[in-house]
Every structure is written in structure tokens, then in C-alpha cells.
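**Q** I am attaching a structure below and will ask some questions about it afterwards.
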Amino acid sequence: MKAVRFMDKFDDLLNPIAVKELRQAVKGRVIVSALTLFLLIQLSILLLTLSFGDRRTIEPASLYAGRGIFQILQNILLGACILLVPLYAGLRLAAERSDSNVDLLFISTLRPRCIIAGKLQASVVLILLIFSACAPFMTFTYLLRGLDIPSIVLVLALDFLVVLLSTQGAIFLGTVPANIVLKLLLGLVGFGFLTILFSGTMEFSQELLRFGLGSHLDSVEFWLVAGAVAITLVAVIGLLFTWSVAIVSPPSSNRALPVRLYLLSFWLVTGGLAGLLAYYFRVPIPLYFWEWANLTLLCAQLLVVINEREQWGLRVRRTIPRRGWLRGPLFLLYSGSAGGVLFTVLLLVLTLALPRFTLEYWSDFFFSSSSRFLRDFDHRNALTLMLIALYTVDYCMLAVWLRNVLLGRIQAAYTWVLVLLLLGLGSALPWPLLFLFQNEELRMGRTNPWWQLSNPFSTIYTCVMESSGDKTVFRDMCPLFLGVLGLMLLLGCLPWMARQVRRFRPPEKESHPTASAGSYAPGAISPGA
Amino acid sequence: MHIHIDHLKKHYGRTRAVDDVSFTFSSGEIVGFVGPNGAGKSTTMRIIATLEEPTSGDVFLDGISVVEEPDKAHRLIGYVPDTLPSHRDISVHEYLDFFARAYGIGAATRKKVVESIEEFTNLLGIRDKNLNALSKGMKNRVSVARALVHDPAVLIMDEPAAGLDPRARIELRELLKVLSGQGKAILISSHILTELAEICTAAVIIERGKILRAGSLAHILTADLPHRTVLIRTLDEPELLHQHLLLQPNIEAARRIDHTVEADVAGGEEACCALLAQLVRSGYRVVEFHQQRAGLEELFMNVTRGEVQ
């Protein structure tokens, strides 16, 4: 009886979505066929390699035999996992994400977090299944030479994290509500991303194997870098998870809150890690990685938040605190476009300013006298980041301003389309204008760069890559001009923001019908007043 | 259980999908929710089922607000959407087991619960069949079973009879009667008004987001009529009765139909009673006297204009 009770308790702990997904996976032919095919391919390639491969690398006596075969097996394992599992998870979710199916999940007591976690858990089980199918072959490579156990374990751990990242990425793409064309486009983007991730991981792990990890296990540097890579990967998986949960959450909920809290934590944790690594190795490179990663995320975030709603539904409004001092910071975190814009712009400014301040203040610490190249790179890097941020803010705020002032009929949810249209127009328009008014200079390749100011691609290229003297003024003035423009646009949107700040308050206390059943005429339907 | 829809409004931009809708119903009632396409029926039902948020107003299930406490409301509501389950590679039993898990029914009782629901909805014979291999009628039964798995007190059914063959419709009708007998409050929308009239105890007619009529079926079918039509049969000569009726001041018109006489009585049910008493007093041997009722279909056609927003 105790065993039955224990099993029941264990069963209750299981995520219903994971159970359903795994049942479907077991019953469906896709997974069973793919797994069998995977084992067959593995066996065939191994046999073919051992029979006809380069004798020097695969002979048991060779010093590299284990590593050579491990890399072949890893190619197969990663190839199968990185394509099969994410595609399976993403496609299934995209197919299920019709209105009716999602509705059914929401009408139950399942929470959106539980839905996405269930999908991820089912994928983890599938990944482990494929990894376990590979285990006997991997063990075989250890019996040959050129490979140690820590290397195998660490490379497999990296592979697992990468597959988990790509699966969560696919789940995220699967949650995006889109029509079939957009879904196909997203699928293509996802496939490209998976291909890059696969080749990048293979390159990286081959380097690691060649480097040999076994002898570095007692060095602090090794664990610092390994820990930073692992934490970053887990943090990105978490970010994608939070985004997915937000997308499947009902629009009436405060779905931006967990995303913004996570982004803030991500920004802080990865920032702290980057600072720690930069301090330890006395190089600014970790800070550059941090800047780029966070700037990319925040620019994407700005493009998303401008589409958010401008007023709150009852369910969210009833959670707004009545105390004014608490409402201020919460305005930045709650769903809502103005709060989202302020939150993102604030983080963007800090992302640009903090590393600059750190590197300037402790420049002797980070840049030794011989590192002129690094200093030059630092300047170009800072300029590129600043221009990207300024253009993103300018175009987004221009779209918000236009939508509010001139095109009142455009729904907030389509502001991103307006941004893309403006960006396309801004990038293309200078060319016919140059053709009309600067034809001679255009042919000579000596056009005035100010003509291309609305084109971010050309401007960033001119500012960062071209170092001729006549572009210096433009390089110095361009960020200033874009900054002032951004500030003016933000000021122009001030009434729009103020409107939302005014609306951000809890509802007046309402008197609801009480829980008493006797307050209604029993047994008779009655039209309301 | 009392369900109170309280001044519900749902606006999409300038479109008022639901415009100040209020009504109340209770356990054991089957309420037909009737209206032309785009009238706001599905939106209202989705708000009751917590799937959409009202622009203003609220729905209370024994005082529990679906806006403020959607999690509590989920446990009280069974929702049957207008789409049928279409998951691949999952059997009927696994599907119901999944929803039982999703509603947090513990492993100790889950098996019994799912089996009893399967038995109740007559699914035991097909429990191991895959969902995508089922007919529309069977899928419909699965959909109802899914909504019942957590034993909700309120059942919201959005066009459950759409596309069903006559047999499946009759089965659904019987099922609803049993559920109503068990004390569940049922709100059902359908375009098949004759069938609704057979099972509903009350009806709400809605158009362009506004309620046109609401109340018990008997009430709304007779409430606004300018006169009542009664069918009278006596053992006497029908022509005599016909002539007698035409002389009465509150009779607007009278027609002979074979051995009976049909009369339009001005006024309400009181006038009908007075007429019957007067006939008996006058010595007529009345064997049949009943009021002709307008059908739900007729009422629907009279009160709605078929306008969409």
C-alpha cells in the first residue's frame, strides 16, 4: 500500500503536459523511427569509418583514435539532437497553438508556466533518450586513445546545454502567434539559427578536445570561463522560457512583469559575471560580450514594448498598488508601452554608460601601454553600440509619435510594422535623393555622409569603418544629432506617456454582488437592469 | 449555484461586441443563448469562461468574480468550445486523463473519475481509439466529457450541436437533460432553435451585443404578445361557438378550424381565464381550451433584425 501511495504522490508531481507529450511521442511514429534511424546511422558510420577510414587516425594504436571517432559520434549526436528535438517540439507547439487548443489549456487550472515547462521537460526526456542511445558508442571511444573522461563529460554537458537552448528557442518560436507565412519565415530563421549553433558548437568542442580538458580541471581560470559559459547559456534558456510564458499568457494578465524582472536579473547577473571575468583576466573583452548581448536584447525588447497596450484591464488594474511611491517603480515593470519604453531606454543608457565609465576610470588596469589595437577597437565598439541604440530608439519613438499624432487609426499592436516601414524608407530614400542632387559626387564615391543620415547601415559603416579626415566631423556630430533627435522624440511622446501614467492606478472601489446565493431570484432567469 | 452576469461590456475599438449585458440563472436551469452570428454570444461565453476580459462589468459564480479570481472560477466552469478536439496520437482515455491531471485531480481518484465520465458520456467503448479517428458526434461527446471531468457546477456550451447528425443531437439533448437534473447550471448557444426550445427552461436573445429578451421560456414566449390565441373545442356546434365568440368585446378575431374555434383574446392570461369562465357560465360544454404559444423561432424572427456590427 505504501508503494502505491508513493507512486500516486510521484504521479501527482508530474507535469500533465510532459506526460501528454511523452505519451504522444511514444505513440507517434516520428520519434521511434528517428531513434531507430539514428542508431542505424551511428552504427553504419562507425563501421564504415573503422573499415575504410584514414588508418593513421583510427587505428587502435593511434594516439588520436578515440578523439577522431568521438568527433564523428558527436557530429551525429549533436546533428540529430539539434535538428530533431527542437523541430519536433517547435512544430508541435506551433501546430497546437490554434485558438481552441490554447483556450482549452487556459480553462483548466494549468498555468502558462506549467505549459511551457511541460513542453521543455518532455523535450529533455527525448534529449536524454537520444544521449543514452549514444552512450555505448561514446564509451567505446574511451577505450581507444586520445581522449579522457573529463573531456567527454564536459563536451557532452556543453552539447546538452546547446541542444536545450535550441529546443527552448524552437519552443519560443512555436509560441509566436502568426499566420502560416510568418510561421514559415520564423521556421527558416530558426533553422538558420540551429545550423549556426550546430557548426559553432562543433568547432568549439573540437578546439576543447584538442586543447585537452583533463589537465586544466584544477585551474581557476578554466572554471571561471566554463562557469560563465554555462551560466550564460542557462540564462539565455531562461530568458527564452520567460518570453514563451509571456506569449502564451492571456492578454488580460500582466504578462510583461516576469519578462522585465527576468531581463533586469539577466542584465545584473551577466553584468556581474562579465565584470568578474574582466577584472580577473584584466581584459575588457567580457564586458564587450555583455554589452553586445544586452544591447541586442534591449533593442529587440524596445521593438516589442512599443506594441504593448496603453491601458490596463480590470484584472491588472486591481493589482496596482494604491500607494503612489510604489506605483512609480511598478509602472516600469507592468505591462504597458510607456512603462516598457522607459524601462528599456533606462537599461540601454546604463548598458552603454557603465562599461564606458568602467573602462575609462580604470583604463590603466584594462589597457596596457602596448594594447593600442584594443583601445582603437574599444572606441569603434563603443561608437557602433551607441549608434545602434540611438537608431533603434529614434525609429521606435518616431513610429510611436507618428501613430499617436498623425495616424490615430493604427492599432498599437502594429507599431512594429510602422518601424519597419520607416526603417525601409529611411534606408532607401537617400539613394534617389543622392541620384537627383549629388549625382556627380555619387559617381565619384564622395557623397556628403549627412545625406545618408536616415540610413543606419550606411551611417554606422561610415562612422566605424571609414577613418578619412573629412568624415571626422560627421563621426563626432552624428551621435550628438541622433541623441538630440531621440530626446526630442521622447519629449514629443511625453503627452502619450503622461496619459498612461495617469491611467496607471487601481480602479475605484466597486461594490460587487456578495457571495450570498439568496441575493438573486432563485430559479428564474432575469434580465439585468 | 447562481450565475450573475453583471453589466458586462466588451469593446473592440469602436465595436461593442457585448454592450451592458446582465442576466442571472441558477443550478438546474438550461439557458438557451440565442442570437444571429456576431451578436456577442461567443464573446459573452468566453468572458464567463475567463478566456477574455470584459471592458467593464463582471460575472459572479456564487459571488466569485471571474475577473478577480479566474483560478477559483476555473474549477466551477466546464467550457465546451465550438471547435472539436483534434489532437493526434492520443486516445480518448489519455485525453481525458490529461485534463483530469490538468485540473489537479490526484492519482488516487483520477482513474475512477475518468472512467465514470467515460461511462456517463457513453465513451467506454471507444476509450482506446485515437481522437483524430473519431466522428464529429463522438468528438462532441469527448468535448463534453472533457468539460465535465472536474465536475463543474456550471457548463458553458458554445454551439455544441453544430454539424451533428440527428442521432448525435438527440444524444446530446438527453445528456443535457440528465446534467440539468444533476443540478448543473447550463448556458448553451445554438442556432437550432426548435431543439433549444425543447430542452431549455429559459432563454436569452441577444443582438448587436444587447439583450433583446431574457427570462423563462414560458414568459418570453408570451410576454410581449398583443393578444393571446386560444384553441377551443366544445361538444356543441362549433358554428354556434364561433358566433358567440364574435359577439364578445375582448375577442379580436375568431376562426373556425374543423371542429375547433381559434380566437384572438385581447389582453393577457387573465382575459383567457375570464373567457373560459364566461363560456362555462353560458352553458358551453368545453372539452378543450388551450393557449397557442409562439415558438422560439418565431419570437427570434420577430425580435431580431439580423443586423451585425
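Each protein sequence line maps, in turn, to chains Z and C.
Counting in the working numbering, the first sequence runs from 520 upward without gaps.
Counting in the working numbering, the second sequence runs from 32 upward without gaps.
Yeah, the Cβ is synthetic: ideal placement off N, Cα and C, and Gly gets one too.
Computed from a prediction, not measured in an experiment: that's the story for all the values here.
#1: Out of Z:789, Z:826, Z:796, which one is the CA nearest neighbour of residue 810 of chain Z?
#2: Taking beta-carbon pairs under 8 Å, can you tell me which members of the region 748–772 of chain Z lie near chain C?
#3: List the residues of chain C that residue 1003 of chain Z touches, going by C-beta distances under 7 Å, in chain order.
#4: Could you tell me if residue 174 of chain C is buried or exposed, where buried requires 16 or more neighbouring beta carbons within 10 angstroms of its beta carbon?
#5: Would you say the beta carbon of residue 1015 of chain Z is closer than 7 Å to some non-hydrogen atom of the ligand SAM?
#6: Per DSSP, what kind of secondary structure is residue 98 of chain C in: helix, strand or coil?
#7: Terminal residues of the continuous beta strand (DSSP E) containing residue 34 of chain C?
#8: Using a Cβ cut-off of 9 Å, which residues of the region 103–129 of chain C contact any Cβ in chain Z, in chain order?
#9: Relative to the C-alpha of residue 274 of chain C, which candidate in C:306, C:292, C:191, C:261 has its C-alpha closest?
#10: Measuring straight from C-alpha to C-alpha, what distance separates residue 615 of chain Z and residue 638 of chain Z?
#11: Near residue 661 of chain Z, what residues of its chain come up, given a Cβ to Cβ distance below 7 Å and the 5 sequence neighbours on each side ignored?
#12: Would you kindly work out how many angstroms separate the C-alpha atoms of residue 235 of chain C and residue 89 of chain C, rounded to a whole number?
#13: Run down chain Z in chain order and give the residues with a C-beta less than 7 Å from the C-beta of residue 139 of chain C.
#14: Short of 8 Å Cβ to Cβ, which residues in the region 132–160 of chain C face chain Z?
#15: Counting only Cβ pairs nearer than 8 Å, list the residues of chain C close to residue 543 of chain Z.
#16: Would you say residue 98 of chain C lies against chain Z (beta-carbon separation less than 8 Å)?
#17: Express the C-alpha separation of residue 280 of chain C and residue 308 of chain C in angstroms, rounding to a whole number.
#18: Residue 535 of chain Z touches chain C at which residues, Cβ-Cβ below 7 Å?
#19: When the cut-off is 8 Å and only beta carbons count, does residue 530 of chain Z lie next to chain C?
#20: Give the list of continuous beta strand (DSSP E) stretches no shorter than 3 residues that lie fully inside the region 185–250 of chain C.
#21: Identify every run of the alpha helix (DSSP H) within the region 743–806 of chain Z, keeping only runs that are complete inside it and at least 4 residues long; order them along the chain.
#22: Is residue 521 of chain Z close to chain C? Criterion is C-beta to C-beta, closer than 8 Å.
#23: Does residue 327 of chain C have its Cβ less than 8 Å from a Cβ in chain Z?
#24: When DSSP labels each residue in this structure, what does residue 1043 of chain Z get in the three-state scheme?
#25: Strictly under 8 Å for the Cβ-Cβ distance: is residue 841 of chain Z near chain C by that measure?
#26: Could you say which of C:299, C:267, C:302, C:263 lies nearest to residue 286 of chain C if we only look at CA atoms?
#27: Check whether the Cβ atoms of residue 651 of chain Z and residue 774 of chain Z lie closer than 8 Å to each other.
#28: Taking CB distances under 8 Å as the criterion, tell me whether residue 1018 of chain Z reaches chain C.
#29: Is there a Cβ from chain C that is less than 8 Å from the Cβ of residue 1024 of chain Z?
#30: At which residues does the beta strand (DSSP E) containing residue 92 of chain C begin and terminate?
#31: Extract the residue ranges of the beta strand (DSSP E) inside the region 816–875 of chain Z, only unbroken runs of 3 or more that lie entirely within it.
#32: Give the DSSP-derived three-state secondary structure of residue 1038 of chain Z in the structure shown.
#33: Just the C-alpha distance for residue 666 of chain Z and residue 796 of chain Z, rounded to the nearest angstrom, thanks.
#34: Thinking C-alpha only, which one of Z:852, Z:838, Z:754 is nearest residue 827 of chain Z?
#35: Using a Cβ cut-off of 9 Å, pull out every chain C residue sitting near residue 837 of chain Z, in sequence order please.
#36: Would residue 539 of chain Z count as contacting chain C if we go by Cβ distances under 8 Å?
**A** This is what the structure holds:
#1: In terms of Cα proximity to residue 810 of chain Z, the closest of Z:789, Z:826, Z:796 is Z:789.
#2: If the cut-off is 8 Å between Cβ atoms, the region 748–772 of chain Z has 769, 770, 771 near chain C.
#3: Scanning chain C for C-beta atoms nearer than 7 Å to the C-beta of residue 1003 of chain Z yields nothing, as the closest lies near 36 Å away.
#4: Buried: at least 16 other Cβ atoms inside 10 Å.
#5: Absence of the ligand SAM from the depicted structure is noted, as is the absence of any ligand whatsoever, leaving it without description.
#6: The answer is coil: DSSP assigns residue 98 of chain C none of H, G, I, E or B.
#7: Run containing residue 34 of chain C: 33–43, per the beta strand (DSSP E) assignment.
#8: For the region 103–129 of chain C, the set of residues with a beta-carbon nearer than 9 Å to any beta-carbon of chain Z comprises 105, 106, 108, 109, 110, 112, 113, 114, 115, 116, 117, 118, 119, 120, 121, 122, 125, 126, 128, 129, in chain order.
#9: That would be C:292, whose Cα lies nearest to the Cα of residue 274 of chain C.
#10: The straight-line gap from Cα to Cα measures roughly 12 Å.
#11: If the five residues before and after residue 661 of chain Z are omitted, its C-beta is found closer than 7 Å to the C-beta atoms of 585, 668, 671, all from its own chain and listed in chain order.
#12: Straight-line Cα distance between these residues: approximately 18 Å.
#13: Within chain Z, the residues near residue 139 of chain C are 527.
#14: For the region 132–160 of chain C, residues whose beta-carbon sits nearer than 8 Å to a beta-carbon of chain Z comprise 132, 133, 134, 135, 137, 138, 139.
#15: In chain order: 118, 119, 120, 121.
#16: Yes, its Cβ sits closer than 8 Å to a Cβ of chain Z.
#17: Going by the C-alpha atoms only, they are around 15 Å apart.
#18: Correct list: 129, 132, 133.
#19: So yes, residue 530 of chain Z belongs to the interface.
#20: DSSP runs (the beta strand (DSSP E)) wholly in the region 185–250 of chain C: 185–189, 216–220, 233–238, 241–247.
#21: Considered as a whole, the region 743–806 of chain Z harbours 775–800 as its complete alpha helix (DSSP H) runs of no fewer than 4 residues, in chain order.
#22: No, residue 521 of chain Z does not count as interfacial toward chain C.
#23: Interface residue (Cβ-Cβ distance to chain Z less than 8 Å): residue 327 of chain C is not classified as such.
#24: Because the pLDDT of residue 1043 of chain Z is 43, which lies under 50, any placement of that residue in the model is unreliable, and the question is left without a value.
#25: No Cβ of chain C is located within less than 8 Å of the beta carbon of residue 841 of chain Z.
#26: For the residues C:299, C:267, C:302, C:263, the minimum Cα distance to residue 286 of chain C belongs to C:263.
#27: Taking 8 Å as the Cβ cut-off, residue 651 of chain Z and residue 774 of chain Z do not qualify as a contacting pair.
#28: Interface with chain C (8 Å Cβ-Cβ cutoff): residue 1018 of chain Z is excluded.
#29: Closer than 8 Å: no.
#30: For residue 92 of chain C, the uninterrupted beta strand (DSSP E) run begins and ends at 87–92, by DSSP.
#31: Within the region 816–875 of chain Z, no complete beta strand (DSSP E) run reaches 3 residues.
#32: Only weak support exists for where residue 1038 of chain Z lies, its pLDDT of 33 falling under 50; the coordinates are left without a value.
#33: Residue 666 of chain Z and residue 796 of chain Z have their alpha carbons spaced roughly 29 Å apart.
#34: Of the candidates Z:852, Z:838, Z:754, the one whose C-alpha sits nearest the C-alpha of residue 827 of chain Z is Z:852.
#35: Ordered by position in chain C, the residues that pass the 9 Å Cβ test against residue 837 of chain Z are 98, 99.
#36: Judged by the 8 Å Cβ criterion, residue 539 of chain Z is in contact with chain C.
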